[in-house]
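Here's the structure we're looking at; comments come further down.
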Amino acid sequence: QVQLQESGPGLVKPSETLSLTCTVSGGPYWSWIRQPAGRGLEWIGRIYTTGITNYNPSFKSRVTMSIDTSKNQLSLKLSSVTAADTAVYYCAKERISVTVFDSWGQGTLVTVSS
Amino acid sequence: DIQMTQSPSSVSASVGDRVTITCRASQDISSWLAWYQLKPGKAPTLLIYATSRLQSGVPSRFTGSGSGTDFTLTISSLQPEDFATYYCQQSNSFPLTFGGGTKVEIK
Numbered sequence: 342q343v344q345l346q347e348s349g350p351g352l353v354k355p356s357e358t359l360s361l362t363c364t365v366s367g368g369p370y371w372s373w374i375r376q377p378a379g380r381g382l383e384w385i386g387r388i389y390t391t392g393i394t395n396y397n398p399s400f401k402s403r404v405t406m407s408i409d410t411s412k413n414q415l416s417l418k419l420s421s422v423t424a425a426d427t428a429v430y431y432c433a434k435e436r437i438s439v440t441v442f443d444s445w446g447q448g449t450l451v452t453v454s455s
Numbered sequence: 036d037i038q039m040t041q042s043p044s045s046v047s048a049s050v051g052d053r054v055t056i057t058c059r060a061s062q063d064i065s066s067w068l069a070w071y072q073l074k075p076g077k078a079p080t081l082l083i084y085a086t087s088r089l090q091s092g093v094p095s096r097f098t099g100s101g102s103g104t105d106f107t108l109t110i111s112s113l114q115p116e117d118f119a120t121y122y123c124q125q126s127n128s129f130p131l132t133f134g135g136g137t138k139v140e141i142k
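Chains E and W, in that order, are what the protein sequence lines are. Residue numbers for the first sequence follow the working numbering, beginning at 342 and rising by one. Residue numbers for the second sequence follow the working numbering, beginning at 36 and rising by one.
Okay, here's the thing in C-alpha cells:
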C-alpha cells in the first residue's frame, strides 16, 4: 500500500514562500495538486525520481520541486504567495505509464494571511 | 491548456439511482481521461483511467465511456458511500487539467 503524507506550515504570510514536504513511497513520478476552497483541482507540477521536473506554466516562475531519495521526501516551494494560493495541497503518485494519480495524500490546508 | 467542463455541477439522487456525469474537453484527448472521487478530509481516489479502465479495488458499478471530447461516468446503482464530489482529468497533454467537479448529494 503506497502511503503519502503532506506536512508543513498551515499559515503563510503574503509575499512569503510556501514550503511543503511529502513523505512518499513507490514512484517514479509524483505530482503536487491543489484545491482552493470551493474550487476544482489544479495541477502544479510533477517530479521524477531523478529530480527532473515538469511545471504547470501557470506556476512556473514561482514553483520549485525537489526530491530527497534518501529520505523518501518530496518538497514543494511556492514563492510570492497571495490569498489566491490558499488551498488544500496534495501530493500524489502517478500510475506507471498513464499520467493519472493512483495514490494521494490526505492533503494539507495552507492559508495565506497576515 | 485543455479546458475540461463537467456537468452537472451538482446532482441530487437517492440510493439505488443511476447517476451519469459528463465531461467535455476543449480539444480531442483521445481516450486519455480519468475520474476521481473526493470526500472531505480523505485522500482522493482514482476510479477510472483511460476512459473506461477500472482502477483495482473500485466497484464495478462505476463505468466510464466516451472518446475524443465527450466522456461520461456512470454509477449504476448509487450506494451511501458514493455521495462525494467527482472530477475528471485529462492526461493527453501537459499541463494536466481537471474538470470543475460534480457533487453528488443525497436527495
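Glycine included, every Cβ here is placed at the ideal spot set by N, Cα and C.
Residues of chain E with a Cβ closer than 8 Å to the Cβ of W:Lys74 do not exist, since the nearest Cβ in that chain sits about 10 Å away. Excluding five sequence positions before and after W:Lys138, the CB atoms of its chain that fall closer than 6 Å to its own CB belong to Ser45 and Thr120, given in chain order. By DSSP's assignment, W:Ile56 forms a beta bridge with W:Leu108.
For W:Leu131, a Cβ of chain E is located within less than 7 Å of the residue's own Cβ. For the set W:Arg59, W:Ala48 and W:Gly134, the Cα lying nearest the Cα of W:Gly103 is the one of W:Arg59. Leaving aside the five residues that flank E:Leu382 on each side, the residues in its chain whose CB is nearer than 6 Å to its CB run, in chain order, Ile374 and Gln376. The beta carbon of W:Thr57 sits closer than 6 Å to those of Ser42 and Thr107, all from its chain and outside the five residues before and after it, given in chain order. At a cut-off of 7 Å between C-beta atoms, E:Leu382 counts as an interface residue with respect to chain W. Closer than 8 Å at the C-beta level to chain E, one finds these residues of the stretch 82-94 of chain W: Tyr84, Ala85 and Gln90. Boundaries of the beta strand (DSSP E) around E:Thr449: Thr449 to Val453.
Within the model, the alpha-carbon separation for W:Leu113 versus W:Lys74 is close to 15 Å. Residue contact with chain W for E:Asn413: absent (no Cβ-Cβ distance below 7 Å to any residue of chain W).
Around the beta-carbon of E:Ala378, fewer than 16 other beta-carbon atoms lie within 10 Å, marking it exposed. Within its own chain, the residues whose Cβ lies closer than 7 Å to the Cβ of E:Gly386, once the five positions on either side in sequence are excluded, are Ser372, Trp373, Thr394, Asn395, Tyr396, Asn397, Phe400, Val404 and Met406, listed in chain order. Remark: C-beta atoms of W:Gln124 and W:Ile64 do not approach each other more closely than 7 Å.
Residues of chain E with a Cβ closer than 7 Å to the Cβ of W:Gly136 are, in chain order, Gly381.
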